[in-house]
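Comments concern the structure below.
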Amino acid sequence: MPGCADRAGGPLFECLPAASSGIDFCNELQETETENIIEYLYFYNGAGVATGDINNDGLADIYFTSNQQSNRLYLNKGNLQFEDITEKAGVAGAGNWKTGVTMADVNGDGQLDIYVCQVGQYKTFEGRNQLFINNGDLTFTEKAADYGLDFKGFSTQAAFFDYDRDGDLDMYLLNHSVHGTDIYGRATIRQRTDSLSGDRLYRNDLIAGGRFTDVTAQAGIYSSKIGYGLGIAIGDLDDNGWPDIYVSNDFHENDYLYYNNGDGTFTENITGSVGHTSTFSMGSDIADYNNDGLLDLITLDMKPEDEVILKSSVGADPYNIYRFKYEYGYHYQFPRNMLHLNRGKTGATGATFSEIGQLAGVAATDWSWSALFCDLDNDGWKDLFITNGIWRRPNDLDYLKFTSSIEIQRQATDMELANRMPEGKVTNYLYRNNGDLTFSNQSQSWGLEKTGCTTGAAYADLDRDGDLDLVVNNLNAKAEVWENKARQQPEPRHYLRLQLEQPGPNSRAIGSRVVLYAGGKQITQELYATRGFQSAVEPVLTFGLGKAQQVDSGWVRWPDGQWQRLGPIKADQLFILKKQTGTALPIRNPVEPLLREITTQSGLNFIHKENNYNDFDREKLIPHQLSALGPCLAVGDCNGDGLEDVFIGGAKGQSGALFLQKAGLAFQRLAQPALEADSNYEDVDAAWLDADGDGDLDLYVVNGGGEGIALLHRLYFNDGRGNLVKSPDALPAVMANGACVVAADIDGDGDTDIFTGARSIPGSYGLSPASYYFENAGKGRFTDKSGQVAPFLQQLGMVSDACWLPATKTLAVVGEWMPLTLISTDAKSWKKTEIANSFGWWNTVHAADIDNDGDEDLLLGNLGLNATVKASKAEPLQLYVADYDRNQSYDPILTYYKQHRQYSYYSKDELFSQLTAIKKKYTDYAPFARQTFDQLFSEKQLAESVQKRVETLQSALAVNKGNNQFELRPLPLEAQIAPLFAFASADFNGDGFVDILAGGNWYEVQPSFGRYDASKGCLLLGDGKGGWRIGPTLRLEGQVRHMAVVKTGIVVIALNDRKAQLFVK
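Count the sequence shown with our numbering and you get residues 1 to 1065, in order.
And the structure:
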């Protein structure tokens, strides 16, 4: 998809000189001993900007807030020229610390008013929020007290919207907190109201002759001291016609996601809707960025893209603190931008989201403030603009080390401390929407690569040429207007601007949803002004249409919930859309799931309960825990009634369970004393096989978990009726950390043999354990033949899974830091083949004939692309394992590439928490941060290490080309949003072709990686040629570990630390 800058015509944006635009505003800070970042932690947060037509001449005007100086109002005179009318308009503002600004028709007279937030009653700050009512003659009168909106406290921003759909605009007031000893504690603190920091919801009662009424408590809005509110976004996230609220909170408090109940109250359900959030949530925006009709959400944080800054700054919490916060009632948080993809409404309250910021390429943009979704190149896809930079970095690790000294704290002045912070000027980010869930950074090619500190931002079509211009409020530099030249490019793309009008106080129809169909796209927007950070945008909707010369059709849902059909509308115009009544509702065809859940009625009520064990206590440098990879799942007819039964394994301290299938898609648990006696094992894989040749299925179970060295496996003989008895001597007494089993007639003698893969050597992550081949010696006894037929099994790798290809008598084996490995077993001496360029973090392999050519292809589950690490053949993920500090334990050093240079993945503190012998080499953080990996260790140390690599992290289809040759093809992007651990294959939609259900997620990982929880189940509908289309979301919640399809069509899904789920067509 070519960007505008790729075509002739120059960069997409041009910064207008102040001499030309007439805008010379500057938010300049005066730092003193009484006003500085030491005294007020948000001193460098900057100020906001609002765009809107204050005199109804069709031109968007601009209002800037200044933290310490006067605010300024600029009247748009046309041709991108502006006049400062602040003084005669009477809107300079009082108070000595202003923050956010928004424009709205507060009193319903058809004129845009201006609401300015301030900080008051805090040290030297004595401001009070101000409301400038538009008099209709380019003058304003301040009337906040008259309207009941003169709040005095720690305000950040306000959002006006009609939450109760009564026809007027209500207001949510976003406030923030400051640090104190009473803000740290259990999350129940959020139930306590605070008069200065707590958010407020005000209902507009002007129509009834009143004022704005504080309804915070009765509406269910939190209003406590731990609400560090920095971002407010409004939108109908669950698509029920009522506006919802998203609040971005800094520091340890949760973000708030308030779902509108439609009765004047809200239900907060952040933990039920998103798997995790940003830690230091700042600006945000809500929009449908992937054109599926559902509103998505982005929140910003402070993760630097630059590796040196990243290693010099405070990062994710250590694992023990991360868990401590969760146990205190706070949600999972990680310090990076979060892009939440809306997956639709689930359950009684709210929608569910998949967080895919790392896959989308927008997770790390440094100290970021404002996020704006807007179609800047008019191609029909919303792009993303992010403002960036902080005057000084208070999270610099060397600065924090310096200030930790009691002597420094006692003697240094505030300004001396502040001056020790390094500068934080960086560039803003402008991402082009690629139309495939991802973005590409176009900051430089589109002309916006300029270093500074930009906080507030807004968009508007300032010159009425059909593209969106950008206005930014900079800190200690002049504000900027960036002219969008999309319409001046050769072959400009088309657009449509919509200005909505309706009777009543909410004359601009704030809260409307518009859905347009043009050029084969469905484009959805909702009309809300407050967006980004401390800012507000022009209340006019601009749609990019690409090559389409008209809108074919569309719908508008007005704020009161009424729908109105739109006919064809010619492109390239401002269209005034007036509300009409009595039109029909749109025909909405909800996507019906192909699989319906039958868990409750099935009787298979097994709940896996993972035991409490922390791998990181033993091995501090492993990227993820290996102790929570169960439960296993095995399907087979164990009682000879023709119906397949289900065994699900338990965690350590929990026995596995056997469920017999009954008629009518039902199951009944059969008590198994032998399994209950072995509850101390962790069941990670299992297989039904006729081990003793008596015609019934016996059960082989693999022990794993890595919580110490344990027996590799168990074998239970079946009495033919499903009653299991453990055999004490059928298997070799091998001690290993197991991973998987393949039961097949490997040696071709007519009985069933066993291949068992081992996952790791506990305490020595990265070293390869031995895997095993057990030959069936008859009468239910097995012999270890590994060394005789396949000596290479001793160093096969960190095996995670394997499957059997009977046509070629081949074992397909995958694992962590392993290639796709094919083991031919049709000779006395086995042969191993590694598929080129296939080294991955593989979790599973599944055989199925995907391309309908008669042979079995391989589905491979990998880490996926929604991760902080990336890998390629040229720039692989690598592991160096050695006893670097000579303390008789192995240290696995993970490396990755950033900006084409190889670095240690781990920070100084993380790395040297285990490598104590070389801790003194780097006493400060900055020198360490600048070191590439080859500068941290000597050539001799690296040469002596065990080295492993990963060349791909994409889950893939390995197409069988014959003769044990396979070609890797990545699965669709929708299957890359989380690690995949299991596949199930069947014709789910009845078209005669094999479809795939994939599941995964991985929670127990290092906080710097962040837990992988985006997968809700991915259904890939096959076309019989190796291609797919994406099927309806299955809405699996949790960590899928195994799947199986029984002959009656039931899909059984085993989940870690959760109840198993069952689905059927």
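Cβ atoms here follow ideal geometry from the backbone N, Cα and C, with glycine treated the same way.
Whether residue i touches residue j by CB criterion (8 Å)
{"i": "isoleucine 207", "j": "aspartate 168", "result": "yes"}
{"i": "aspartate 685", "j": "valine 741", "result": "yes"}
{"i": "aspartate 396", "j": "serine 313", "result": "yes"}
{"i": "threonine 455", "j": "alanine 47", "result": "yes"}
{"i": "leucine 230", "j": "glycine 283", "result": "yes"}
{"i": "lysine 547", "j": "histidine 494", "result": "yes"}
{"i": "proline 892", "j": "tyrosine 765", "result": "yes"}
{"i": "isoleucine 523", "j": "alanine 1060", "result": "no"}
{"i": "threonine 923", "j": "arginine 901", "result": "no"}
{"i": "histidine 340", "j": "aspartate 383", "result": "no"}
{"i": "leucine 498", "j": "leucine 468", "result": "no"}
{"i": "alanine 666", "j": "valine 702", "result": "no"}
{"i": "glycine 1010", "j": "threonine 868", "result": "yes"}
{"i": "alanine 984", "j": "leucine 971", "result": "no"}
{"i": "glycine 787", "j": "asparagine 737", "result": "no"}
Residues bridged to residue i [DSSP beta-bridge criterion]
{"i": "arginine 1029", "result": "Leu1021"}
{"i": "aspartate 214", "result": "Tyr202"}
{"i": "tyrosine 517", "result": "Gln522 and Ser553"}
{"i": "glutamine 878", "result": "Thr895 and Arg949"}
{"i": "alanine 998", "result": "Phe983 and Cys1018"}
{"i": "aspartate 645", "result": "Gly636"}
{"i": "histidine 474", "result": "Going by the sequence as given, residue 474 is asparagine instead of histidine. Asparagine 474 is bridged to Thr454."}
{"i": "isoleucine 133", "result": "Thr141"}
{"i": "glutamate 816", "result": "Met798 and Trp841"}
{"i": "arginine 714", "result": "Val701"}
{"i": "arginine 721", "result": "Arginine 721 is not bridged to any residue."}
{"i": "aspartate 685", "result": "Val702"}
Of the listed residues the options, nearest to residue i (C-alpha basis)
{"i": "lysine 88", "options": "Asn134, Phe933 and Thr124", "result": "Asn134"}
{"i": "leucine 73", "options": "Asn337, Gly136, Phe151 and Ala92", "result": "Ala92"}
{"i": "isoleucine 270", "options": "Met302, Gly329 and Gly262", "result": "Gly329"}
{"i": "isoleucine 321", "options": "Gly840, Pro1007, Gly1026 and Gly1024", "result": "Pro1007"}
{"i": "serine 445", "options": "Tyr903, Leu12, Arg128 and Thr810", "result": "Leu12"}
{"i": "alanine 509", "options": "Ile598, Gly519, Gln488 and Pro559", "result": "Pro559"}
{"i": "glycine 1024", "options": "Phe1009, Ala848 and Tyr922", "result": "Ala848"}
{"i": "valine 274", "options": "Pro1032, Ser1015 and Arg1041", "result": "Ser1015"}
{"i": "alanine 743", "options": "Thr279, Asp263, Asn260 and Thr810", "result": "Thr810"}
{"i": "aspartate 641", "options": "Ser20, Gly722 and Ala982", "result": "Gly722"}
{"i": "phenylalanine 1057", "options": "Lys1065, Phe933 and Val1040", "result": "Note on identity: in this sequence residue 1057 is aspartate, with phenylalanine being the wrong assignment. Selected option, being the one with the closest Cα: Val1040."}
{"i": "valine 946", "options": "Val881, Leu80, Gln661 and Glu910", "result": "Val881"}
{"i": "serine 655", "options": "Asp694, Ile607, Ala628 and Gly636", "result": "Ile607"}
{"i": "proline 1032", "options": "Gln672, Glu592, Asp678 and Tyr773", "result": "Glu592"}
{"i": "glutamate 619", "options": "Asn718, Asn703, Pro762 and Leu715", "result": "Pro762"}
{"i": "leucine 689", "options": "Phe717, Trp97 and Ala671", "result": "Phe717"}
{"i": "isoleucine 754", "options": "Arg714, Pro728 and Tyr528", "result": "Arg714"}
{"i": "asparagine 612", "options": "Glu707, Leu643, Leu541 and Ser553", "result": "Glu707"}
{"i": "cysteine 1018", "options": "Phe160, Ala982, Thr32 and Asp285", "result": "Ala982"}
{"i": "aspartate 552", "options": "Gly567, Gly561, Phe543 and Arg410", "result": "Gly567"}
Residue i: first and last residue of the uninterrupted alpha helix (DSSP H) it sits in
{"i": "isoleucine 523", "result": "First-last for isoleucine 523: 521-526, but that is the beta strand (DSSP E), not the alpha helix (DSSP H)."}
{"i": "phenylalanine 402", "result": "397-403"}
{"i": "glycine 787", "result": "786-789"}
{"i": "alanine 144", "result": "144-147"}
{"i": "threonine 1048", "result": "Neither: threonine 1048 is in no alpha helix (DSSP H) and is coded neither H nor E."}
{"i": "asparagine 45", "result": "No alpha helix (DSSP H) holds asparagine 45; DSSP gives it neither H nor E."}
{"i": "alanine 321", "result": "Looking at the sequence shown, residue 321 is not alanine but isoleucine. First-last of the alpha helix (DSSP H) with isoleucine 321: 319-327."}
{"i": "phenylalanine 912", "result": "908-912"}
Segment limits, beta strand (DSSP E) that includes residue i
{"i": "glutamine 118", "result": "113-118"}
{"i": "alanine 848", "result": "844-848"}
{"i": "leucine 1062", "result": "1061-1064"}
Ranges of the beta strand (DSSP E) found wholly within the segment 231-308, counting only runs of at least 3: The beta strand (DSSP E) runs lying completely inside the segment 231-308 and spanning 3 residues or more are 244-249, 256-260, 266-268, 284-287 and 296-299, given in chain order.
Sequence ranges, beta strand (DSSP E) only - wholly within the segment 555-639, length at least 3: Entirely contained in the segment 555-639, the beta strand (DSSP E) runs reaching 3 residues are, in chain order, 563-566, 574-578 and 633-636.
Continuous beta strand (DSSP E) assignments of at least 3 residues falling wholly in the segment 348-411: Taken in chain order, the unbroken stretches of beta strand (DSSP E) that lie wholly in the segment 348-411 and span 3 residues or more are 351-355, 368-374, 383-388 and 390-392.
Minimum length 4: unbroken alpha helix (DSSP H) runs contained in the segment 915-993: Segments of the alpha helix (DSSP H) lying fully in the segment 915-993: 925-929, 933-936 and 939-943.
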